[in-house]
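All remarks here apply to the structure that follows.
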Amino acid sequence: MRRFTAGLTTEHHPLYGTFCSKLSSCIFEWDKDDISRLKEAKKTMLLKKHGGHILSSITSNELAKHCRSRTRGVEETRALIHGLLDSMWELTDTTGLHLINPESMAHVREVQQKHLSCIQDPPDVQLYTKLGSGLQKGDKILDVLRCGRGSSSLESFHRHQCTFIPGWRRNALHTQMYMLEGASRWNINRAHQAVDMSGTSHTKIYDVCLMSHLNVLSNRVLGCALLPEFMPPGKPTDERVAVEYLLAQSDRGDLLSPLVHGEITPPETQEVEVQEDECLDVTICDAADINLEAHTLSSSSSHDDSLISSLAAQRLDVHRISECIALKLLKEFREARNRPKDNKGKIFPIPQSIVMTYSHIKQLLEDCREVLDKTNLVLVTVNNTTVSSWLVVLGFLNSF
1 MRRFTAGLTT EHHPLYGTFC SKLSSCIFEW DKDDISRLKE AKKTMLLKKH GGHILSSITS
61 NELAKHCRSR TRGVEETRAL IHGLLDSMWE LTDTTGLHLI NPESMAHVRE VQQKHLSCIQ
121 DPPDVQLYTK LGSGLQKGDK ILDVLRCGRG SSSLESFHRH QCTFIPGWRR NALHTQMYML
181 EGASRWNINR AHQAVDMSGT SHTKIYDVCL MSHLNVLSNR VLGCALLPEF MPPGKPTDER
241 VAVEYLLAQS DRGDLLSPLV HGEITPPETQ EVEVQEDECL DVTICDAADI NLEAHTLSSS
301 SSHDDSLISS LAAQRLDVHR ISECIALKLL KEFREARNRP KDNKGKIFPI PQSIVMTYSH
361 IKQLLEDCRE VLDKTNLVLV TVNNTTVSSW LVVLGFLNSF
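Be aware that the sequence shown starts at 1, since it is given in UniProt numbering, and climbs by one per residue.
Below, the structure is given as structure tokens:
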């Protein structure tokens, strides 16, 4: 719905609320049985009122609390949205301002066609939870329902995706892994809320194999499932999701495959079969150029093959490759918008930004067996003090 409102002229238009209300009715419909029970309950409260007055007395809060809604289906939703847009395309307010921006809405209308199937309720999935023993209205007792669908569950799901990824700098493969794991945990958490509260296990298990085996054994021994909210994963549909979908849009889907990108593989190891857990991190740039420096490093007085860990921090200018990496980071972080932020949104200063990113690259190199086996590349250890003094020597004292 928010994507369709992007095609409107302004949210302050008098017809903005009417458009959003009708757009919602194009996507969802209320359960007729629930509506009938609510009307009967309201009728007993308003004995002398006829049906029209009963409907007008039902508030949106009562509908959400006592009635279930469901999506209408792709084709019906598409037809209703087209009808709504056609009927309101030329509407204006008293000053002549159009509600719909024709160019913007035409683009939104075209792009969102393929996403209508994504907002439909999944089949055979219970989205509503019955809370408590019900609420009495008149002489009727109505169920109090909670929906697993909502502005914080589906429509704004992308706002929660940032919590799936720890840190701020990851390569494509690791990001895909975090996104899939986060989506799996999200579905399991929503399953706890989508069944009868008395039937949930209230566990925090996310291992699908463990949950499946536990239910199989409990059904065999106890005759019931200990994890009633668990649903086995569906069959693979070969649908591209998360980073895989994003890369496929730019014909770069092969970045998720191990060691198929020539830019991230040293020349000597391109023909060697490498296990998936030994592939180079795509955040390491110019690995081939780094490998060419191996012979120079072996004869450098500042280079030591035993330089692995637990060493005092050093100045960057004692090691040529370390200084080259820091110079490239300095060029990027001179603009504040490119620097990392803390949990409160405060931008880190240049020295700390360089230390964080440099240490991340250094750790990736030390964890990569291919680089350790095929090169003598070792980066020096740095901290905020050594980086700050290096920046002072370069004349960047006032840059941070």
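Don't be surprised by glycine CBs; every beta carbon is placed ideally from N, CA and C.
Source: prediction; values computed, not measured.
Whether residue i touches residue j by CB criterion (8 Å)
i	j	result
Leu180	Ala106	no
Ile361	Ile325	yes
Leu131	Arg149	no
Thr203	Ala313	no
Leu97	His160	no
Ser218	Cys224	yes
Leu23	Glu62	no
Leu222	Leu214	no
Gln112	Arg3	yes
Arg68	Asp121	no
Ser212	Pro232	yes
Leu377	Val371	yes
Arg72	Glu29	yes
Closest by C-alpha distance to residue i, when choosing among the options
i	options	result
Asp373	Leu379, Leu365, Val380	Leu365
Thr92	Leu23, Thr18, Leu116	Thr18
Tyr128	Ala6, Trp89, His66	His66
Ala79	Val111, Leu38, Leu227, Ile27	Ile27
Leu85	Arg109, Gln120, Asp34, Val392	Arg109
Asp342	Met356, Val393, Leu329, Thr71	Met356
Ala64	Ile54, Leu46, Asp31, Thr95	Asp31
Glu229	Tyr206, Tyr178, His12	Tyr206
Leu15	Thr95, His319, Asn376, Val318	Thr95
Distance between residue j and residue i (C-alpha atoms, nearest Å)
i	j	result
Gly345	Ser353	14 Å
Thr381	Gly182	33 Å
Val144	Asp124	21 Å
Cys162	Ala41	44 Å
Ser87	Thr77	15 Å
Glu244	Lys43	54 Å
Leu391	Lys328	13 Å
Leu46	Gly134	20 Å
Ile347	Pro340	6 Å
Phe164	Trp89	40 Å
Ala6	Gln126	31 Å
Tyr358	Ile188	37 Å
Asp317	Gln249	42 Å
Ala288	Glu75	With a pLDDT of 40 at Ala288, under the threshold of 50, the modelled position of that residue is not reliable, and no figure is offered here.
Arg334	Pro349	9 Å
His82	Cys118	18 Å
Thr296	Arg315	In this prediction, Thr296 scores a pLDDT of 43, lower than 50, which makes its location untrustworthy; no coordinate-derived value is stated.
Ile141	Ala336	59 Å
Pro351	Lys114	46 Å
Asp367	His319	20 Å
His158	Asn338	22 Å
residue 403	Pro236	Because residue 403 is not part of the residues shown, which for the chain are 1 to 400, the question remains open.
Gly138	Leu116	40 Å
Ser21	Arg369	58 Å
Leu8	Ser60	25 Å
Limits of the unbroken beta strand (DSSP E) element including residue i
i	result
Gly134	128 to 137
Asp342	Here Asp342 belongs to no beta strand (DSSP E), and DSSP marks it neither H nor E.
Trp89	It is not in any beta strand (DSSP E) - Trp89 carries neither H nor E in the DSSP assignment.
Glu29	28 to 30
Unbroken alpha helix (DSSP H) run spanning residue i, endpoints
i	result
Leu142	Taken as a continuous stretch (DSSP letters only), Leu142 belongs to no alpha helix (DSSP H), being part of the beta strand (DSSP E) at 140 to 147.
Thr71	Looking at the DSSP string, Thr71 is not in any alpha helix (DSSP H); the run it does join, the beta strand (DSSP E), is 69 to 71.
Trp390	384 to 394
Phe333	320 to 333
Phe157	157 to 160
Glu370	369 to 374
Phe4	2 to 5
Asn219	208 to 221
Glu103	102 to 111
Glu62	60 to 66
Between the region 96 to 103 and the region 160 to 180, do at least 3 Cβ pairs fall closer than 8 Å? no
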